[in-house]
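Q:
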Amino acid sequence: MTSQTPTTRDDADRVLIFDTTMRDGEQSPGATMTLDEKLQIAALLDEMGVDIVEAGFPIASDGDFEAVTEISKVLQNAVTCGLARASKGDIERAWAALQHARKPRIHTFIGTSPLHRQHQLSMSREQVLDKIRETVTFARSLCDDVQWSPMDATRTEEDYLVETVALAVECGATTINIPDTVGYTAPRESAALIAMLHEKVPGLADCVVATHCHNDLGMATANALAAVEAGARQIECTINGLGERAGNTALEEVVMAMKVRRDILPYRTGIDTTKIMRASRLVSTVSGFPVQPNKAIVGKNAFAHESGIHQDGMLKNAETFEIMRPEDVGLTESNLVMGKHSGRAAFKDKLGQLGYDLGDNAFQEAFVRFKALADSKKEVYDDDIVAVIEDTQTTAAHGRMRLVSLGMVCGTEGPATATLAMEIDGQGHRHETTGNGPVDATFNAIKALVDHTARLKLYQVHAVTDGTDAQAEVSVRLEEDGKIVMGNAADADTLVASARAYINALNKLMVRRQKTAPAPVEAAE
Ligand code: KIV
Ligand code: ZN
1197 MTSQTPTTRD DADRVLIFDT TMRDGEQSPG ATMTLDEKLQ IAALLDEMGV DIVEAGFPIA
1257 SDGDFEAVTE ISKVLQNAVT CGLARASKGD IERAWAALQH ARKPRIHTFI GTSPLHRQHQ
1317 LSMSREQVLD KIRETVTFAR SLCDDVQWSP MDATRTEEDY LVETVALAVE CGATTINIPD
1377 TVGYTAPRES AALIAMLHEK VPGLADCVVA THCHNDLGMA TANALAAVEA GARQIECTIN
1437 GLGERAGNTA LEEVVMAMKV RRDILPYRTG IDTTKIMRAS RLVSTVSGFP VQPNKAIVGK
1497 NAFAHESGIH QDGMLKNAET FEIMRPEDVG LTESNLVMGK HSGRAAFKDK LGQLGYDLGD
1557 NAFQEAFVRF KALADSKKEV YDDDIVAVIE DTQTTAAHGR MRLVSLGMVC GTEGPATATL
1617 AMEIDGQGHR HETTGNGPVD ATFNAIKALV DHTARLKLYQ VHAVTDGTDA QAEVSVRLEE
1677 DGKIVMGNAA DADTLVASAR AYINALNKLM VRRQKTAPAP VEAAE
């Protein structure tokens, strides 16, 4: 199988966008995604023009293997990338998962810093070099598109980093990625490192150089852009900056920075920025990680103007206080949209404006939910519709258990009593129980029907819009044997949303139980 490695050789300004939301992003504790959720994200990333999608780490679990296989069938334009440690077994497994990819890429890595060599790998400099030689050559014998990363590159001795990169290039790597694994570097250093490698590794001119930054000191976006200014032409990033610890470079930030500040950052990406909000909402919903309100580009307040002086300026000329238009990132004004008399055509039109193109079944399900909401809620806003769509998609993605009905007696007299019906693997179950308030009673009823030892770590309710008839968006975080999962749901009834969020989390827990912990990053076979 041959691949078409995206190249910048003919197009000096083009920066490739490598999305690792489903690999590095999913490594965030609690951000487990189901296969269906990953497929939705993959389809959207492809549609928005992401160049390379890192779909998973196939050796880590059967679930990851399946995800890479299925995602590679969905991606029409983007390269599908599978991660592998510096081991032939890992590389073979990644390659097996990529067999259906139109454009496959194997990404293999090994720790190169003294700390990683000594403590993680117990290997000498020479041994690491031998591994690089063996594994990059092997990966290249399978696939034309091979990315190699020296993990913890920013804390690796300069002379040794040069030696390792030169060797990987000599062995056939087509992309060299320079990770700031622990988010330690600063913009000036990030640029200097890329410039130094370009100067000292002659063969590097024939490769794409990538930058992979973590955000521990809040400098990931600045570091990635500085690397681009010094010659990197691939940015590795995640939607909403999702990722372990403080996360990865946020895709929306680097892409919009290059779009808005083209005067000083004269680079282009292939991203359709009007899809950014949709991607942000989808990733937030499926990962269970809410976006902070003041988050750049995608936060709820990113385009909100509160102070009188700002509002006055905005009314006179939006450019007084706005450096980009909300429409550029796919944000439509939260208009009062429709009510119970709105028909299918109007609903479809609204979905189109919000950037959703649903298949027939998904559309029908969303329409039924919208009608039910419009019956119970006087005013239906764009945010309500987005919540319904995201909720429909995540609920559809979780298979084994679902809420059938919930009845409640609660108030000032006595304990609350929940009567709950659920379907588990196609079988109906019913339970009535009490609790210290309605949420406790609901969760107790679910616990009685679904055997588990998970502990509730977070229960959070957020109102989608203003008003007492607002939909409630509920997030539930569960922990079992160190594994963390998040479940979300939205409904006009807070208790129904709570029950569904809890059940969604349990569904994810079932998936997580089948998934072994990601393999430790060590290279010894
Ligand atoms: O941060 C890191 O070093 C990584 C590598 C696997 C590229 O994610
Ligand atoms: Zn990383």
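The sequence shown lines up with residues 1197 to 1721 when you count with my numbering.
We put the beta carbon where it would ideally sit given N, CA and C, even for glycine.
#1: When you compare the CB positions of G1437 and H1410, do they come within less than 7 Å of one another, or not?
#2: Rank F1253, D1524 and S1268 by C-alpha distance to the C-alpha of A1239 and give the top, closest one.
#3: Using DSSP bridges, identify the partner residues of F1305.
#4: What are the partner residues of F1214, as DSSP defines its beta bridges?
#5: Quick one: residues in its chain with C-beta nearer than 6 Å to the C-beta of A1422, no 5 flanking neighbours on either side, listed in chain order?
#6: Any idea if P1462 is buried or exposed, counting beta-carbon neighbours within 10 angstroms, 16 or more meaning buried?
#7: For the beta strand (DSSP E) holding H1408, just list the boundary residues, first then last.
#8: State yes or no: is the C-beta of T1304 nearer than 6 Å to some heavy atom of the ligand KIV?
#9: Specify whether the segment 1264 to 1278 and the segment 1243 to 1253 touch according to this definition: at least 3 beta carbon pairs, one from each stretch, less than 8 Å apart.
#10: Below 7 Å between beta carbons: does that hold for C1727 and R1329?
#11: Need the endpoints of the beta strand (DSSP E) that I1620 sits in, please.
#12: If we count Cβ pairs, one from each stretch, closer than 8 Å, do we get three or more for the segment 1212 to 1223 versus the segment 1428 to 1435?
#13: Any contact of the segment 1222 to 1230 with the segment 1438 to 1447, i.e. 3+ C-beta pairs under 8 Å?
#14: Between the Cα of K1653 and those of S1257, Y1698 and G1535, spot the shortest distance and give me the residue it belongs to.
#15: Tell me the rounded alpha-carbon separation between Q1589 and W1344.
#16: Where does H1303 land, buried or exposed, given buried means 16+ other C-beta within 10 angstroms?
#17: Flag P1310 as yes when its Cβ comes closer than 6 Å to any non-hydrogen atom of the ligand KIV, and as no otherwise.
#18: Quick check on DSSP: helix, strand or coil for N1703?
#19: Taking I1467 as the reference, give the member of Q1549, Q1295 and G1245 with the closest Cα.
#20: Could you tell me if L1702 is buried or exposed, where buried requires 16 or more neighbouring beta carbons within 10 angstroms of its beta carbon?
#21: From the DSSP output, in three-state form, read off N1490 for me.
#22: Given that a residue counts as buried once 16 or more other Cβ atoms are within 10 Å of its Cβ, and exposed if not, what is T1571?
#23: Which of the three DSSP states, helix, strand or coil, is assigned to N1273?
#24: For G1631, which residues in the same chain have their Cβ closer than 6 Å to its Cβ, ignoring the five residues on either side in sequence?
#25: Between which residues of its own chain and E1243 is the CB-CB distance below 8 Å, once the five residues before and five after are set aside?
#26: Which whole-angstrom value describes the C-beta separation of D1247 and V1270, a residue pair presumed to lie in contact below a C-beta threshold of 8 Å?
#27: Counting C-beta neighbours from all protein chains within 10 Å, is the total for Q1623 16 or more, i.e. buried, or is it exposed?
#28: Taking contact to mean 3 or more Cβ pairs, one atom from each stretch, closer than 8 Å, check whether the segment 1295 to 1309 and the segment 1324 to 1342 are in contact.
#29: Residues in the same chain with beta-carbon distance under 6 Å from K1496, minus the five sequence neighbours each way, listed in chain order, please.
#30: If you compare alpha carbons, which of A1297, L1235 and G1259 is closest to C1277?
#31: Give every residue of the same chain whose Cβ lies closer than 8 Å to the Cβ of A1542, excluding the five residues on either side of it in the sequence, and list them in chain order.
#32: To the nearest angstrom, report how far apart K1299 and V1424 are at their CA atoms.
#33: P1225: beta carbon under 6 Å from a heavy atom of the ligand KIV?
#34: Over the uninterrupted alpha helix (DSSP H) stretch that includes L1421, give me the two end residues.
#35: Quick check: what's the CA-CA separation for D1348 versus G1484?
#36: Heavy atom of the ligand ZN less than 6 Å from the Cβ of D1220, yes or no?
A: According to the data block:
#1: Not closer than 7 Å, so no.
#2: When each option's Cα is compared against that of A1239, the closest is S1268.
#3: R1281 and S1345
#4: Answer is I1248 and E1432, bridged to F1214.
#5: Taken in chain order, the residues that qualify are P1383, S1386 and A1387.
#6: exposed
#7: Per DSSP, the continuous beta strand (DSSP E) segment holding H1408 begins and ends at V1404 to C1409.
#8: no
#9: yes
#10: This structure cannot speak to residue 1727, because the chain is shown only from 1197 to 1721.
#11: Run containing I1620: A1612 to I1620, per the beta strand (DSSP E) assignment.
#12: yes
#13: For the pair of segments examined, the segment 1222 to 1230 was found to touch the segment 1438 to 1447: the number of CB pairs separated by less than 8 Å reaches three.
#14: Nearest option by C-alpha distance: Y1698.
#15: Computed Cα separation, rounded: 35 Å.
#16: Counting the other Cβ atoms within 10 Å of the Cβ of H1303 gives 16 or more, which makes it buried.
#17: The answer is no for P1310.
#18: For N1703, the secondary structure class from DSSP, reduced to helix, strand or coil, is helix.
#19: Closest by alpha carbon: G1245.
#20: buried
#21: coil
#22: The question names Thr, but residue 1571 is Asp in the sequence shown. Exposed.
#23: coil
#24: A1612, A1637 and N1640
#25: D1468 and K1471
#26: Not a contact, Cβ separation roughly 15 Å.
#27: Counting the other CB atoms within 10 Å of its CB gives Q1623 a total below 16, which places it among the exposed residues.
#28: yes
#29: Apart from sequence neighbours up to five positions away, the residues of its chain that approach K1496 with a beta-carbon distance below 6 Å are P1489, ordered along the chain.
#30: A1297
#31: M1534
#32: 24 Å
#33: no
#34: A1416 to E1425
#35: In this model, D1348 and G1484 are separated by some 28 Å (Cα to Cα).
#36: yes
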